[in-house]
Amino acid sequence: MLKIHVFFKQLFCLLALAAMLTAANPAAAENKMLDGDYTYDILRNGTQIGTYSFHVTNRDDMSTTVQATMNIEAKVLFLTAYKADHQRVEEYLNGALQKIHGEAKFNGKDYAFTYDAKLDQVDRNGEIEQLKYPVVTLSPFKPRNTEGKFIGLSEKGKTHEAYFEDNGIVKKKSGIKLHPFHELAFIGDVRRDLWYTPEGILDSLSYDKDGATITFKRRAKN
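Under our numbering, the first residue of the sequence shown carries the number 294, and numbering increases by one thereafter.
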């Protein structure tokens, strides 16, 4: 009986320690990058103009690769007014961004860039830019850290300083029902409002630019 009592006492201590570690670092559980495909419809004033897709792969060595693809074509009177294609690969280790390699074609003009977190710099078509703050890109997952200043990195590799505004949990309509979402605003070159599910997955994003409202809405899986 004494051995059984000691065993359960040790087990209780281990469980208590695990609970303390989880509470001390809630982001580790909340913002885990989940394997799979995530697709967002891109809308301009309610009309679809493109898609943004992400393929996430986790490995046993704690590394994660996110492959992103964006395609946009906006037409006016059946003529193409704006066309964009973008691909990039993001590399993470233990959830921390390490590198990005991206390419894009906007209205026929080519862009290429590489971001290296160790060097804190972006190489954009051979032009080196040294960065003062961590980089944030559009991702299917809520950022682990929203305190302080950041660098927003566009699909062209252009940078801008920004910061997060945390508006907490809000009720927002998704489908025909109201659901709870964690609302963040990313404020830089423009204000981007983002809504995340309780699991930390981006549900939608919206911002105003050039007299239009641009929305990214996560597509429901079949």
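Note that beta-carbon positions come from the ideal geometry of N, C-alpha and C, so glycine has one too. Bear in mind the structure is a predicted one, so any value in this text is a computation, not a measurement.
query: Three-way DSSP call (helix, strand, coil) for Ile469 in this model; result: coil
query: For Lys398 and Thr373, the rounded distance between their alpha carbons; result: 14 Å
query: Short Cβ contact (8 Å threshold) for Lys435 with Tyr489; result: yes
query: DSSP state of Arg352 mapped onto helix, strand, coil; result: coil
query: Own chain partners of Ala311 with C-beta closer than 7 Å, once the 5 adjacent residues on each side are dropped; result: For Ala311, the predicted structure reports a pLDDT of 30, less than 50, and the residue's modelled location is therefore unreliable. The matter cannot be settled from this model.
query: Stretch pair the region 402 to 414 + the region 329 to 346: three plus CB contacts closer than 8 Å; result: no
query: Test item: CB-CB of Lys425 and Asn400 under 8 Å; result: no
query: Three-pair Cβ contact test at 8 Å for the region 461 to 468 versus the region 438 to 453; result: no
query: Residue environment, Ile393, which counts as buried when at least 16 other CB atoms sit within 10 Å; result: buried
query: Paired residues, beta bridge with Asp501 - DSSP; result: Thr506
query: Pair within 8 Å by beta-carbon distance, Val429 and Gly445; result: yes
query: Cα-Cα separation between Met363 and Val415, rounded to whole angstroms; result: 20 Å
query: Closest by C-alpha distance to Ile335, when choosing among Arg381, Thr357, Pro427, Leu431; result: Leu431
query: Own chain residues within Cβ distance below 6 Å of Gln303, not counting five before or after; result: With a pLDDT of 38 at Gln303, under the threshold of 50, the predicted position of this residue should be treated as unreliable, and no value is reported.
query: As assigned by DSSP and simplified to three states, the class of Leu372; result: strand
query: Close beta carbons around Ala309, own chain, < 6 Å, minus the five adjacent residues each side; result: Caution is warranted here: a pLDDT of 32 is assigned to Ala309, below 50, making its placement in the model unreliable, and the coordinate value is therefore given only provisionally. So the list is empty, once near-sequence residues are dropped.
query: Beta-carbon proximity of Glu476 to Asn460, cut-off 8 Å; result: yes
query: Of the residues Leu471, Ala405, Arg484, the one placed nearest Glu458, counting alpha carbons only; result: Arg484
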